[in-house]
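Heads up: the sequence shown runs through residues -23 to -1, 1 to 105, numbered per mature numbering (1 follows the signal peptide of the UniProt record, and there is no 0). Note that the Cβ used here is the ideal one computed from N, Cα and C, for glycine as well. If you're wondering where the values come from, they're calculated on a predicted model, not measured in any experiment.
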Amino acid sequence: MIKVFSFFRICALLTFTSRAVVAQKTNVIIVLAPGFEELEAITVADVLKNSGANVTLAGLSGTFENFVLGAHGISLGIQTTLESHEPNYFDMIVFPGGPNGVKSMKKSNQLETFFRRYLSGSVGAGTL
């Protein structure tokens, strides 16, 4: 229950502040790992897209796949993979949680490299 409450509180905050955040066409990447929490990915993507942000859904794998399977068996289509982007292209990174999604992220050397590159460029990053 606490996780659900905190997630919806984050969504309310995003809704309230998102118009100011994306006033300059913010580029956001949502990183989907197998077992991610679908609601966290879809809700954040929806709020940011409706506010005018450029949202990119990306997968972890080194080879391009068309979808990533979420925690509840729902597949989301991805547009790209992490290694396809230059440092500092994105203004915000979102990592949707979920028990299996977090396990997948922990196993990914690619995600660690990606995150370190963007963190060194002072990019805003957060987890849900």
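* To do: Could you tell me whether the stretch 11 to 30 touches the stretch 41 to 56, using the rule of 3 or more Cβ pairs below 8 Å?
  => yes
* Between the beta-carbon of residue 91 and the beta-carbon of residue 24, is there less than 9 Å? -> no
* Asked: Can you give, in chain order, each stretch of the alpha helix (DSSP H) that sits fully within the stretch 56 to 94 and has at least 4 residues?
  -> 76 to 84
* To do: List the endpoints of the continuous beta strand (DSSP E) containing residue 53.
  => Bounds of the beta strand (DSSP E) holding residue 53 are 52 to 54.
* Any idea what DSSP makes of residue 33, helix, strand or coil? -> In this structure, residue 33 counts as strand in the three-state DSSP scheme.
* Starting from residue 45, follow its DSSP beta bridges and name the residues at the other end. => 53
* Through-space distance from residue 28 to residue -2, alpha-carbon basis -> Low confidence applies here, because residue -2 scores a pLDDT of 49, under 50, leaving its location unreliable and the question unanswered by this model.
* Using beta-carbon positions only, say whether residue 5 and residue 67 come within less than 9 Å of one another. => yes
* Using DSSP with H/G/I as helix, E/B as strand and the rest coil, what is residue -18? -> Any reading at residue -18 is ruled out, since the residue's pLDDT is 46, under 50, leaving its predicted position unreliable.
* Is the CB-CB distance between residue 59 and residue 37 below 9 Å? -> In this structure, the beta-carbon distance from residue 59 to residue 37 falls below 9 Å.
* CB contact flag (residue 10, residue 53, <9 Å) -> no
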